[in-house]
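*Asks:*
There are 2 protein chains.
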Amino acid sequence: MDLTLLGQQAQASARKLALLDTKEKNRLLGAMAQALVTATPEILAANEKDLAQAAANGISETMQDRLRLTKERIAEMAAGIKEVVDLPDPIGEVEKMWKNEDGLLIGRQKVPLGVIGIIYESRPNVTTDAASLCFKTGNAVILRGGKEAFASNQVLVEILQQALIKEGFTPHVIQFVTDTSHEVATEMMRLTEYLDVLIPRGGAGLIKRVKETATVPVIETGTGNNHVYIDKDAQLDMAAAIVDNAKTQRPSVCNAMETLLIHEAVAAEFLPVIAKKLAQHQVELHGDERACQYVPEALPATEADWSTEYLDYILAIKVVDSLEEAIAHINRYNTKHSEAIVTDNYFASQKFLQEVDAAAVYVNASTRFTDGFVFGFGAEIGISTQKLHARGPMGLEELTSTKYIIYGEGQIRS
Amino acid sequence: MDLTLLGQQAQASARKLALLDTKEKNRLLGAMAQALVTATPEILAANEKDLAQAAANGISETMQDRLRLTKERIAEMAAGIKEVVDLPDPIGEVEKMWKNEDGLLIGRQKVPLGVIGIIYESRPNVTTDAASLCFKTGNAVILRGGKEAFASNQVLVEILQQALIKEGFTPHVIQFVTDTSHEVATEMMRLTEYLDVLIPRGGAGLIKRVKETATVPVIETGTGNNHVYIDKDAQLDMAAAIVDNAKTQRPSVCNAMETLLIHEAVAAEFLPVIAKKLAQHQVELHGDERACQYVPEALPATEADWSTEYLDYILAIKVVDSLEEAIAHINRYNTKHSEAIVTDNYFASQKFLQEVDAAAVYVNASTRFTDGFVFGFGAEIGISTQKLHARGPMGLEELTSTKYIIYGEGQIRS
């Protein structure tokens, strides 16, 4: 696997892609969407290989289901690309333009980042999602998917590339790393000469490894150790609905809640109610000492519980004496993803919004809303939990950089 | 040197600083500016130590001059802080706010980055500049200056800290790394638990080392291998003025020009004229084969010349056959800082603006204008040559992150 060659090809093709107007990019995206549908049998055949391998490796039914493609899922992937076609193209927009004291007309224009590397572990639909979002924003992409979906991912990229070739455009804007070894992944993380940014999408282990290894600028995504704090002035029925939703509506995703913080003034009333509600989903409760008094069925929480992203039907519970204690706990243990307060109190809400350090801070709403589609961006390449470049759900705009374009009349600096 | 302790103190103090309103931040900045003026004798005494050490180490007169502080230069540093007081505070601004389909009111608010690390080699004024810009934007800063200015930098930070203590605020928002060893610098570059971003300011060697070593997100600054391209349709007197300015007005800075690209149609006329003009500054010319024919006094350029940031009275010259060749040369060798074309041709200017990959692209103006003050930002923490987060001159706005604040009414996700 020659990553340098992939990098050179990506860089050269990115320059060509940057020159396409929106109409032409949309036309090519449409062709790629159509090609996926046409190639459904081919994709299903490749997916069968991955599924057989998964079964042979004893991978869980849930994971196998995540991996499985069907005619409908392929149609959804194609529909996803068509949705990207319909989104406004941010490239070329001059965000602001002004004359400076020297009479120079200075504009800040949105331009592609260049070449984006994506290392992911998730389902095969990430392949077409990421490829289409990068393409729409004028970026070449180098994709490195997980071993489990290797055959599916590879055939998906081939189909997209063939569609581009058929339309007379370079296939190198979407490339696939066919070597899934650790060494090649490491090399990719350090491919500074060709990659302008690296976006890891996957579990905490992958994110950690990328952070420790990468020299390419990284946009960290994903892990969400999220809290809901029930204030002493909360409406408890609203609180119960929000906690139930944030924990059980889809526990495996990064915007699900992991720890419930409850003010001691309402703990005795609220905890038995919510415990009963959560029992309908067999949620396992890990409580601190006080929580266990109110909910005897809870297991005793350990220090590790406060830092754990369960991604499962498990909830940690801590009783706190004040809003301040809740905020301090959150800022100590959270992964800066999504945090919520339930309260009727104006000053409590303002304090929580201001002092909690996270990408998305909610008053009286479920953490589950942190999502590019829900926010109205029309797409999502991931949810950034770092503070540089992009924070929170990343749509098309977050896949752009800027360039100053300056119109002069012969000015020199004195 | 316990960097972990510095990191913990910085993080805790950043939370306090983030809560100050603009008036209070400005009041504290004013106190710091005043403290610098009051402590002039103390600063001069520390600076004397650095100067004596520099002389003993046989450091050049130019470098010694960069290091030297005077009563006037200290007054300028204080005045610089007062200018930061007068700048608008970006923190708290809600860039946009909208209701989504669920009725959630979602706002994107500018917030501090958190803790910023700055590793710099430059003159002592960077200490007070960086400290005041980070403070104004609500960021704690950990400063690690160069060995040469150690005593000066240390006393400057102490004075700023004493001013904060006197005003009843924590001094940990501005901290100084007193160990200048390589090991501690490396540790700082990997202090991911506490640093939200690392900004290196210095020569190509420092930038390279930070890029290779850092796991903390980096904003790369500085190196500028910049070109001016003289098109066949250029006004040659304007071209000569721009080249002279871009090369000789201040050759030691990153926005100075390093290579002249000239269209062959005007090379015979232009090169002897510009060579004569540059001879007034004893500029050494390194020309390709054709350039040397027109300017016999030029030395033959080698491949290395095209990649070199001289930062000196040296200019590389290459004759090209077309605008396309000029653009290809620039995109191959530049450091993506500042690039200029001189032309009367509309389509040549548009093509150059669109296809040249750099932070700032000029038509008919000197590259020397790439500067936060000149652009009208009122300040500059550096010039980013990367594409993530910030590109080009970085003012206060570039020292911020964002947070989504979301006002709900009990919404849960369905």
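These protein sequence lines are chains A and B, in that order.
When we follow our numbering, the leftmost residue of the first sequence carries the number 1, and every step to the right adds one.
When we follow our numbering, the leftmost residue of the second sequence carries the number 415, and every step to the right adds one.
Virtual Cβ for every residue (Gly too), placed ideally from N, Cα, C.
Model, not experiment: these values are computed from the prediction.
1) By the 8 Å beta-carbon criterion, what residues does the segment 488-514 of chain B contribute toward chain A?
2) Report the residues of the segment 357-368 of chain A with a CB closer than 8 Å to any CB of chain B, ordered along the chain.
3) Would you say Thr-248/A lies against chain B (beta-carbon separation less than 7 Å)?
4) Would you kindly report the start and end of the unbroken alpha helix (DSSP H) that includes His-700/B?
5) Which residue from Tyr-362/A, His-337/A and Asp-357/A puts its Cα closest to that of Ser-349/A?
6) Going along the chain, which unbroken runs of the beta strand (DSSP E) with 3 or more residues stay wholly within the segment 502-584 of chain B?
7) Could you tell me whether the Cβ atoms of Ser-366/A and Tyr-333/A are closer together than 7 Å?
8) Do the segment 111-120 of chain A and the segment 194-205 of chain A meet, that is, are 3 or more Cβ pairs less than 8 Å apart?
9) Near Ile-91/A, which residues of its chain fall below 7 Å by C-beta distance, leaving aside the five closest residues on each side in sequence?
10) Return the chain-ordered list of same chain residues with a C-beta closer than 6 Å to the C-beta of Pro-585/B, the five sequence neighbours on each side being excluded.
11) List, in chain order, every chain A residue whose beta-carbon is nearer than 7 Å to that of Asn-759/B.
12) Give me the chain A residues within the contact set of Ile-656/B, using Cβ-Cβ distance strictly less than 9 Å, ordered along the chain.
13) Taking the alpha carbon of Met-808/B as the reference point, which residue from Thr-402/A, Ala-149/A, Glu-148/A and Val-184/A has its own alpha carbon closest?
14) Threshold first: 3 residues or longer. Then list the beta strand (DSSP E) segments lying entirely within the segment 581-619 of chain B, N to C.
15) Would you say Val-197/A faces chain B, with C-beta separation under 7 Å as the test?
16) For Ala-55/A, does the count of other Cβ atoms within 10 angstroms reach 16, so buried, or fall short, so exposed?
17) Could I get the ranges of all uninterrupted alpha helix (DSSP H) runs contained in the segment 369-395 of chain A, with 4 residues as the minimum, in chain order?
18) Grouping DSSP H, G and I as helix and E and B as strand, with all else coil, what is Glu-258/A?
19) Would the beta-carbon of Val-157/A fall within 7 Å of that of Ala-46/A?
20) Does DSSP put Val-498/B in a helix, a strand or coil?
21) I'd like to know if Ser-815/B contacts chain A, where contact means its C-beta is closer than 7 Å to some C-beta of that chain.
22) In chain order, what residues of the segment 514-538 of chain B put their CB closer than 9 Å to some CB of chain A?
23) Less than 8 Å between C-beta atoms, sequence neighbours within five positions excluded: which residues of the same chain meet that for Glu-811/B?
24) Taking only beta-carbon atoms, is Pro-665/B less than 7 Å away from chain A?
25) I'd like to know whether the C-beta atoms of Ala-681/B and Met-671/B end up nearer to each other than 7 Å.
26) Who are Tyr-760/B's beta bridge partners in DSSP?
27) State the CB to CB distance for the pair Leu-278/A and Leu-315/A, rounded to an integer number of angstroms; the pair is presumed to be in contact (CB under 8 Å).
28) For Thr-454/B and Phe-347/A, what's the separation of their Cα atoms in angstroms?
29) What does a CB cutoff of less than 8 Å around Ile-823/B pick up in its chain, not counting 5 residues either side in sequence?
30) Grouping DSSP H, G and I as helix and E and B as strand, with all else coil, what is Ser-252/A?
31) If the criterion is Cβ atoms closer than 7 Å, does the pair Ala-204/A and Thr-223/A meet it?
32) Would you please state the rounded distance, in angstroms, between the beta carbons of Leu-442/B and Glu-581/B? I believe it to be under 8 Å.
33) What separation, rounded to the nearest whole angstrom, lies between the Cα atoms of Glu-634/B and Ala-10/A?
34) With DSSP run on the structure shown, which of helix, strand or coil describes Lys-71/A?
35) Residues of chain A with CB under 8 Å from Ile-556/B, in chain order?
36) Going by DSSP, which residues form a beta bridge with Gln-825/B?
*Replies:* Taking the definition as stated:
1) Cβ contacts with chain A: Trp-512 and Asn-514.
2) If the cut-off is 8 Å between Cβ atoms, the segment 357-368 of chain A has Asp-357, Ala-358, Ala-359, Ala-360, Val-361, Tyr-362, Val-363, Asn-364, Ala-365, Ser-366 and Arg-368 near chain B.
3) The residue given as residue 248/A occupies position 248 in the first sequence. Thr-248/A has a beta carbon lying at 7 Å or more from every beta carbon in chain B.
4) Working through the second sequence from its first residue, we reach residue 700/B at position 286. Not the alpha helix (DSSP H): His-700/B falls in the beta strand (DSSP E), residues 698-701.
5) Sequence index remark: in the first sequence, residue 349/A carries index 349 (1-based). Checked all of Tyr-362/A, His-337/A and Asp-357/A; the closest Cα to Ser-349/A is Tyr-362/A.
6) Runs found: 508-513, 519-526, 529-534 and 554-558.
7) Within the first sequence, the letter at position 366 stands for residue 366/A. Within the first sequence, the letter at position 333 stands for residue 333/A. No, the pair does not count as a contact, with Cβ atoms beyond the cut-off.
8) Look at the beta carbons and you see the segment 111-120 of chain A touching the segment 194-205 of chain A: at least three pairs across the two are nearer than 8 Å.
9) As a position in the first sequence, residue 91/A is number 91, starting the count at 1. Contacts found: Lys-110, Val-111, Pro-112, Thr-137, Gly-138 and Thr-400.
10) As a position in the second sequence, residue 585/B is number 171, starting the count at 1. Within its own chain, the residues whose Cβ lies closer than 6 Å to the Cβ of Pro-585/B, once the five positions on either side in sequence are excluded, are Gln-575, Leu-578 and Ile-579, listed in chain order.
11) To locate residue 759/B, count along the second sequence from 1; it is residue 345. Ordered by position in chain A, no residue passes the 7 Å Cβ test against Asn-759/B, which lies about 14 Å from the chain.
12) The residue given as residue 656/B occupies position 242 in the second sequence. The answer, in chain order, is Gly-408, Gly-410, Gln-411 and Ile-412.
13) Locating residue 808/B in the second sequence gives position 394, counting from the first residue. Ranking the options by Cα distance to Met-808/B, first place goes to Thr-402/A.
14) The beta strand (DSSP E) runs of length 3 or more contained entirely in the segment 581-619 of chain B are, from start to end of the chain, 588-590 and 611-615.
15) Translated into the one-based positions of the first sequence, residue 197/A becomes position 197. Interface residue, yes.
16) Here the question's residue 55/A lines up with position 55 in the first sequence. Looking at its Cβ environment, which holds fewer than 16 other Cβ atoms inside 10 Å, Ala-55/A is exposed.
17) The alpha helix (DSSP H) runs lying completely inside the segment 369-395 of chain A and spanning 4 residues or more are 372-375, given in chain order.
18) As a first step, residue 258/A must be located in the first sequence, where it is residue number 258. Correct three-state label for Glu-258/A: strand.
19) In the first sequence, the residue the question calls residue 157/A occupies position 157. In the first sequence, the residue the question calls residue 46/A occupies position 46. Contact: no.
20) As a first step, residue 498/B is located in the second sequence; it is residue number 84 there, counting from the start. Looking at Val-498/B - three-state DSSP - the assignment turns out to be helix.
21) Along the second sequence, one-based indexing puts residue 815/B at 401. It does: the Cβ of Ser-815/B has a partner Cβ on chain A nearer than 7 Å.
22) Across the segment 514-538 of chain B, CB contacts with chain A closer than 9 Å involve Asn-514, Glu-515, Asp-516, Leu-518, Ile-520, Arg-522, Gln-523, Val-525, Pro-526, Leu-527 and Gly-528, in sequence order along the chain.
23) The count along the second sequence starts at 1 and reaches residue 811/B at position 397. For Glu-811/B, same chain residues with a beta-carbon under 8 Å away, outside a window of 5 residues either side, are Pro-504, Lys-524 and Phe-791 in chain order.
24) The residue given as residue 665/B occupies position 251 in the second sequence. No, Pro-665/B does not count as interfacial toward chain A.
25) Counting from one through the second sequence, the residue named residue 681/B turns up at place 267. Counting from one through the second sequence, the residue named residue 671/B turns up at place 257. The answer is no: Cβ separation not under 7 Å.
26) Residue 760/B sits at position 346 when you count from the first residue of the second sequence. DSSP lists no partner for Tyr-760/B.
27) By one-based count along the first sequence, residue 278/A stands at place 278. By one-based count along the first sequence, residue 315/A stands at place 315. Contact between Leu-278/A and Leu-315/A is confirmed by a C-beta separation of about 7 Å, below the 8 Å threshold.
28) Working through the second sequence from its first residue, we reach residue 454/B at position 40. Working through the first sequence from its first residue, we reach residue 347/A at position 347. Their backbone Cα atoms lie some 45 Å apart in a straight line.
29) Working through the second sequence from its first residue, we reach residue 823/B at position 409. Residue identity differs from the one stated: residue 823/B is Glu in this sequence, not Ile. Cβ within range, chain order: Gly-517.
30) What you label residue 252/A is simply residue 252 of the first sequence in a count that begins at 1. Of the three classes helix, strand and coil, the one that applies to Ser-252/A here is coil, per DSSP.
31) For the purposes of this step, residue 204/A is taken as residue 204 along the first sequence, with counting starting at 1. For the purposes of this step, residue 223/A is taken as residue 223 along the first sequence, with counting starting at 1. Judged by their CB atoms, Ala-204/A and Thr-223/A are nearer to each other than the 7 Å cut-off.
32) Residue mapping note: residue 442/B aligns to position 28 of the second sequence, counting from 1. Residue mapping note: residue 581/B aligns to position 167 of the second sequence, counting from 1. Confirmed, Cβ separation roughly 6 Å.
33) Here residue 634/B refers to the residue found at position 220 when the second sequence is read from its first residue. Here residue 10/A refers to the residue found at position 10 when the first sequence is read from its first residue. So the alpha carbons of these two residues sit roughly 22 Å apart.
34) Here residue 71/A is taken as the residue at index 71 of the first sequence, counted from 1. Correct three-state label for Lys-71/A: helix.
35) Translated into positions along the second sequence, residue 556/B becomes position 142. Correct list: empty, because the minimum Cβ distance to chain A is about 16 Å.
36) Against the second sequence, residue 825/B aligns to sequence position 411. Partner(s): Ala-365/A.
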